[in-house]
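Sequential numbering of the first sequence, starting at 30, is according to this note's numbering.
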Amino acid sequence: MRQEIEQAFANVCNELFNTVLEVELTRPNEQFGDYSTNVALQLSKKLGKSPRELAEQITSNLQNQLLNIKEINVAGSGFINMRLTDDALLSLVNAIPNQSLAGKTVVTEYSDPNPFKVMHAGHLYTSVVGDAVSKLLETAGAKVYRVNFGGDVGLHVAKTMWAILQEIGGENPEKLNKITEKAEWLSDCYVTGTAKYDSDNIAKNEIISINKRVYKIFDDGDKDSPFAQIYWECRSWSYDYFNEFYKRIGSHFDKYYPESETAKFGLQKAKELLEQGVLEKSNGAVVFKGENHGLHTRVFINSEGLPTYESKDLGLTIAKIDDFHPDKMVIITGNDIVEYMKVVLKVLEHFDPVHAQATKHLTHGMVRLAGGTKMSSRKGNILKAVDVIDAAQMANETATGQKSESTALAAVKYAFLKNRIGGDIVYDPAESVALEGNSGPYLQYAHARARSILNKTQSTDSRQTTIGSFEKDERSLLRKIGEYAETVDKSVQELTPHHICTYLYELAQEFNRFYEHNRVIDDPRQSVRLFLTKSYADTLKNGLELLNILAPNRM
RNA sequence: GCCCCCGUAGCUCAGCUGGAUAGAGCAAGUGGGUUCUAACCAUUAGGUCGGCGGUUCGAAUCCGUCCGGGGGUACCA
30 MRQEIEQAFA
40 NVCNELFNTV
50 LEVELTRPNE
60 QFGDYSTNVA
70 LQLSKKLGKS
80 PRELAEQITS
90 NLQNQLLNIK
100 EINVAGSGFI
110 NMRLTDDALL
120 SLVNAIPNQS
130 LAGKTVVTEY
140 SDPNPFKVMH
150 AGHLYTSVVG
160 DAVSKLLETA
170 GAKVYRVNFG
180 GDVGLHVAKT
190 MWAILQEIGG
200 ENPEKLNKIT
210 EKAEWLSDCY
220 VTGTAKYDSD
230 NIAKNEIISI
240 NKRVYKIFDD
250 GDKDSPFAQI
260 YWECRSWSYD
270 YFNEFYKRIG
280 SHFDKYYPES
290 ETAKFGLQKA
300 KELLEQGVLE
310 KSNGAVVFKG
320 ENHGLHTRVF
330 INSEGLPTYE
340 SKDLGLTIAK
350 IDDFHPDKMV
360 IITGNDIVEY
370 MKVVLKVLEH
380 FDPVHAQATK
390 HLTHGMVRLA
400 GGTKMSSRKG
410 NILKAVDVID
420 AAQMANETAT
430 GQKSESTALA
440 AVKYAFLKNR
450 IGGDIVYDPA
460 ESVALEGNSG
470 PYLQYAHARA
480 RSILNKTQST
490 DSRQTTIGSF
500 EKDERSLLRK
510 IGEYAETVDK
520 SVQELTPHHI
530 CTYLYELAQE
540 FNRFYEHNRV
550 IDDPRQSVRL
560 FLTKSYADTL
570 KNGLELLNIL
580 APNRM
C-alpha cells in the first residue's frame, strides 16, 4: 500500500511538473495523519514556487486516485498529510515484511569466543546482536547459517597452556582430574600466562615454543602424547562451556570453525598469494601492503612461519564459501577490528571479488563498565558473560520476589539491542539492567497482560468479525500495529535491530494506554477489542521473537 | 603523526539518505487501587543538539575547522 501511494505521488508530480522524483512517505505524529510526504517542499526549490501552492495542486490532482485515503490535506510549510481509511489501516495489520532475501543463502558469523580464554560481556553482546541480525535476515526470507569462529590455536592458547603446565607440575594429564571450576581455572591460567609473557623473557621463549608445539599437534594428528592429551582435554572444557552458555541464552550455531581447521587453508592460500605477488615478504614475515590501498600493512604469516589471525580469517572465508555457497556473508564483531577486516577483505577481493563484495562487516562497540573502567581479559579485570545474566537475575528477584531466567534474559538482551549498533554500551554492574520503563520485562509484561485477557474468553470471540469503524483509542492501537511490517523492512535494510525495539516499546505503550482507559471483556465493543488485543499480542510476540526474546503468556 | 568512530536533558540513549513545537527511559516533583496482571497509566520540571564558520527557503542531520573521548596504526585478536 505504501508503495502504491508513493507511486501515485510520483506519477502526479511527473504529469504536473514533468519531474521524476523518489517519493518517500514517512510516519508523522498521529495528530497529522498516518502518512506524510514533503514532496512539495522538495519541488519548490526546483520549480521556484511556493511549497503550499504546489502541495495544493498535487493533492487536488490526487484526490480521487487513492482509495485507501480518507483525508488528505496540506499543513505546515507544505507537508501533505494523509489519513487512511479504517479498512486500509486494518489491511496493514496483516501485512508481512518484504521477502527481499527470498531464496538467498546468508552466512552470519558472530560471537567468536576463544577456547582457553574467558567468555566476557562482549561475547554476550555480540551473540545477542548476531542472533537478532540472523533472525532479521530470516524474516526477509533468507536461509541463514550461523557460524562461530574461535581460536583453538595461537599465542593466547600457548600462554594458557604454559600456565596450565605450571599449575599441574608438568605434562601430567591425569592431574587435570582435580580441577573443578574448569572454565574459571582456564581463564585464570590465561591471565597468568599473559602476565609472564610480558614480564619474563624465559617464560616468553617457552610460550613461543609451546605455540609451535600446539600447531604440531594438528600437523601430526597427535591425540596421545601427554602434552596433546592436556590440550584436548582443556579444549573440550571450553567447548562444553560454550555450548552450555549458548543453550542458556537461546543461541545456536550451525557450525563451529576452530582456527586449527582454517589455519591450514589460510596458510596455503597465503602462500599462493605470496607467489602471485598479492602478499610480499618483509622482515621475515609475509605481509599485505595496505598502504597502497589506503589501509595499513598487516602480517599474514609471521617470521616463525605460522599463520596469523589474518590468514586464519582468510581460511575461514574460504571454508564458509565451500560449505554453504552463500549469496551474502555477514560478519559481526567489535569495532576494534574494523581496519583489520578491511585489509582481510581487500586481500579476499584479489582472488574472489564476488564474495568480497557480498561480505558485510557489521561492527558494534565495546561493553564498558560504568565509571570508565576498561575491561581486559589479559589483565583479568573483566566482566564475565555469565555475571551479566546473573546480575540481572538477582536484580529481578529483588524487585519482584520471583526467579525468572526468561525475564533476566529479556532484560539483558533488550538492554543490548535497543541501542543502535556501533557505539559502546555502558553497563553498570551495580545497577544491572533496566526491568521497567523501556525494557525487556516491560514488553513481556505488556504481552502477558493481553494474553491474560484473551485467556478469559472463548477463542472464537477473537476472530475478526464485522468491524465497522474504530473509536479513537482503538484506532491509535490499530495504527501502531500496522507499522510492524514497515519497521521490520527498515531494520532488515539497515541490519539494525534497534528499530524493532523502539517500535515494540511504542506499541506496548499504546496498548497499555488503551488498557488503562478501555475495557475489553463485557464491553459492547468486546469483539472488536478482542480482535485488536489478539492482533497486538501476536505482533508483539513476533517482534520479540525477532529479537530472540521470549514472550511468556504469564508473568 | 596518520586513519576510523563518537560528542543530543543530571544519567543512559532514539532521531542523522536536510523539513512540522528535538523525542524516550531512568533519576526528581505531583496525581491515579471496588473494575480484564500497578513490572502499569497520567502529569510537571529539565536541552546554546561539544564550539565556531559555511551550504540552504530550511541544519541535530550535509561540508570545513577547532576542542573533548575512544579505537586502530607489522608479526595479539
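Positions of the beta carbon are idealized from the N, C-alpha and C atoms, including for glycine. Please read these numbers as outputs of a predicted model, since none were measured by experiment.
Measuring CB atoms only, is the region 364 to 374 touching the region 387 to 395, in the sense that at least three cross pairs come out at less than 8 Å? Short answer: they touch.
In the DSSP assignment, find the unbroken beta strand (DSSP E) run with MET358 in it and report its ends. On the first sequence, residue 358 is found 329 positions in, with the first residue counted as 1. Here the beta strand (DSSP E) through MET358 covers 357 to 363.
The beta strand (DSSP E) enclosing LEU113, as first and last residue numbers: Here residue 113 is taken as the residue at index 84 of the first sequence, counted from 1. Note, LEU113: beta strand (DSSP E), 108 to 113.
Are the CB atoms of LEU472 and LYS509 within a distance shorter than 8 Å? The residue you call residue 509 lines up with position 480 of the first sequence. The residue you call residue 472 lines up with position 443 of the first sequence. Not a contact, by the Cβ cut-off of 8 Å.
Under a three-way DSSP split, which group does ASP457 fall into? Within the first sequence, residue 457 is the residue found at index 428, counting from 1. ASP457 falls in the strand class under three-state DSSP.
Please list the terminal residues of the continuous alpha helix (DSSP H) segment that includes LYS245. Residue mapping note: residue 245 aligns to position 216 of the first sequence, counting from 1. LYS245: member of the alpha helix (DSSP H) spanning 230 to 249, first to last residue.
Taking the alpha helix (DSSP H) that ARG56 falls in, what are its first and last residues? Sequence index remark: in the first sequence, residue 56 carries index 27 (1-based). In the DSSP assignment, ARG56 falls outside any alpha helix (DSSP H), carrying neither H nor E.
My guess is that ALA420 and SER461 are in contact by the Cβ rule of under 8 Å, so how many angstroms apart are they, rounded? Locating residue 420 in the first sequence gives position 391, where the first residue counts as 1. Locating residue 461 in the first sequence gives position 432, where the first residue counts as 1. That pair is a contact at about 5 Å.
Would DSSP call GLY452 helix, strand or coil? On the first sequence, position 423 is the one that residue 452 refers to. In this structure, GLY452 counts as strand in the three-state DSSP scheme.
Have a look at SER520 and SER216 and give me their C-alpha separation to the nearest angstrom. Here residue 520 refers to the residue found at position 491 when the first sequence is read from its first residue. Here residue 216 refers to the residue found at position 187 when the first sequence is read from its first residue. The straight-line gap separating the alpha-carbon atoms of SER520 and SER216 is approximately 37 Å.
For MET423, count the other beta carbons within 10 Å of its own beta carbon; 16 or more makes it buried, fewer makes it exposed. Which is it? In the first sequence, counting from the first residue as 1, residue 423 sits at position 394. Flag for MET423 reads exposed.
I need the DSSP call for PHE317, collapsed to helix, strand or coil. Taking the first residue of the first sequence as position 1, residue 317 is located at position 288. Here DSSP, grouped into helix, strand and coil, assigns PHE317 to strand.
Opening and closing residue of the beta strand (DSSP E) in which GLU44 lies: Mapped onto the first sequence, residue 44 falls at position 15. Counting along the chain, GLU44 sits inside no beta strand (DSSP E); it lies in the alpha helix (DSSP H) bounded by residues 31 to 46.
Given LEU95, which residues of its chain have a CB within under 7 Å of its CB, disregarding the five upstream and five downstream residues? By one-based count along the first sequence, residue 95 stands at place 66. If we look at LEU95 and ignore the five residues flanking it on each side, its Cβ neighbours are ILE34 and ALA37.
Unbroken alpha helix (DSSP H) run spanning TYR139, endpoints: As a working mapping, residue 139 is identified with position 110 in the first sequence. Careful: TYR139 lies outside any alpha helix (DSSP H) and carries neither H nor E.
Quick one: what's got a C-beta closer than 6 Å to CYS218's C-beta in the same chain, skipping five residues either side? Start at 1 with the first residue of the first sequence, and residue 218 comes out as number 189. So the qualifying residues of the chain are THR189, ALA192 and ILE193.
Residue environment, GLY430, which counts as buried when at least 16 other CB atoms sit within 10 Å: Residue 430 sits at position 401 when you count from the first residue of the first sequence. Classification of GLY430: exposed, given that the 10 Å Cβ count is below 16.
Can you tell me which of the three DSSP states ASN272 falls into? As a first step, residue 272 is located in the first sequence; it is residue number 243 there, counting from the start. Note: ASN272 maps to helix in three-state DSSP.
Could you have a look at VAL176 and say whether DSSP puts it in helix, strand or coil? Working through the first sequence from its first residue, we reach residue 176 at position 147. Of the three classes helix, strand and coil, the one that applies to VAL176 here is strand, per DSSP.
Name, in chain order, the residues that DSSP records as bridge partners for TYR443. Position 414 of the first sequence, counting from 1, holds the residue named residue 443. Note: TYR443 is not bridge-paired with any residue in the DSSP secondary-structure output.
Rounded to a whole number of angstroms, what is the C-alpha to C-alpha distance between LYS318 and HIS325? In the first sequence, residue 318 corresponds to position 289, counting from 1. In the first sequence, residue 325 corresponds to position 296, counting from 1. For LYS318 and HIS325, the gap between their C-alpha atoms comes out near 7 Å.
Pull up the distance between the alpha-carbon of ASN123 and that of ALA399, whole angstroms please. Translated into the one-based positions of the first sequence, residue 123 becomes position 94. Translated into the one-based positions of the first sequence, residue 399 becomes position 370. Taking C-alpha positions only, ASN123 is separated from ALA399 by approximately 43 Å.
Beta strand (DSSP E) segment containing ARG554, residue limits: Here residue 554 refers to the residue found at position 525 of the first sequence. Counting along the chain, ARG554 falls outside any beta strand (DSSP E), and DSSP gives it neither H nor E.
Name the residue from PHE445, GLN538, VAL549 and SER106 whose alpha carbon lies nearest to the alpha carbon of ALA84. Taking the first residue of the first sequence as 1, we reach residue 84 at position 55. When each option's Cα is compared against that of ALA84, the closest is SER106.
What did DSSP end up calling THR326 once you bin it into helix, strand or coil? Mapped onto the first sequence, residue 326 falls at position 297. In the structure shown, THR326 sits in coil (DSSP, three-state: anything other than H, G, I, E or B).
Taking only three categories from DSSP, how would you classify VAL396? For the purposes of this step, residue 396 is identified with residue 367 of the first sequence, where counting begins at 1. DSSP places VAL396 in strand when its eight states are reduced to three.
Does LYS225 pass the burial test, meaning 16 or more other C-beta atoms within 10 Å, or should it be called exposed? Taking the first sequence and counting its residues from 1, the one referred to as residue 225 is at position 196. Under this definition LYS225 is a buried residue.
When the distance is taken between beta carbons, is LEU506 closer than 8 Å to PHE540? By one-based count along the first sequence, residue 540 stands at place 511. By one-based count along the first sequence, residue 506 stands at place 477. A contact, by the Cβ cut-off of 8 Å.
How about ASP141 and THR486: do their beta carbons lie closer than 8 Å? Within the first sequence, numbered from 1, the residue matching residue 141 stands at position 112. Within the first sequence, numbered from 1, the residue matching residue 486 stands at position 457. Not in contact: ASP141 and THR486 (Cβ atoms no closer than 8 Å).
Buried or exposed by the 16-neighbour rule on C-beta atoms within 10 Å, applied to ILE125: Position 96 of the first sequence, counting from 1, holds the residue named residue 125. Residue environment for ILE125: exposed (fewer than 16 other C-beta atoms within 10 angstroms of its C-beta).
Determine the extent of the alpha helix (DSSP H) in which VAL158 is found, giving its start and end residues. The residue you call residue 158 lines up with position 129 of the first sequence. Going by DSSP, VAL158 is part of the alpha helix (DSSP H) stretching over 150 to 168.
By the three-class DSSP mapping on this structure, what secondary structure does LEU335 have? The sequence position of residue 335 within the first sequence is 306, counting from 1. DSSP places LEU335 outside both helix and strand once states are collapsed to three, so it counts as coil.
For HIS354, which of helix, strand or coil comes out of DSSP? Sequence index remark: in the first sequence, residue 354 carries index 325 (1-based). Reduced to three states, the DSSP call for HIS354 is coil.
Using the C-alpha atoms, what's the distance from LEU343 back to GLU196? Stepping through the first sequence from its first residue, residue 196 is reached at position 167. Stepping through the first sequence from its first residue, residue 343 is reached at position 314. Straight-line Cα distance between these residues: approximately 35 Å.
For LEU576 and ILE529, what's the separation of their Cα atoms in angstroms? Taking the first sequence and counting its residues from 1, the one referred to as residue 576 is at position 547. Taking the first sequence and counting its residues from 1, the one referred to as residue 529 is at position 500. In this structure, the alpha-carbon of LEU576 lies about 8 Å from that of ILE529.
Reducing DSSP to helix, strand and coil, say where ASP490 ends up. If you number the first sequence from 1, residue 490 lands on position 461. Residue placement at ASP490 cannot be trusted, given a pLDDT of 49 that sits under 50; what the coordinates show is reported in the next sentence. Look at ASP490 here: in three-state DSSP terms it is helix.
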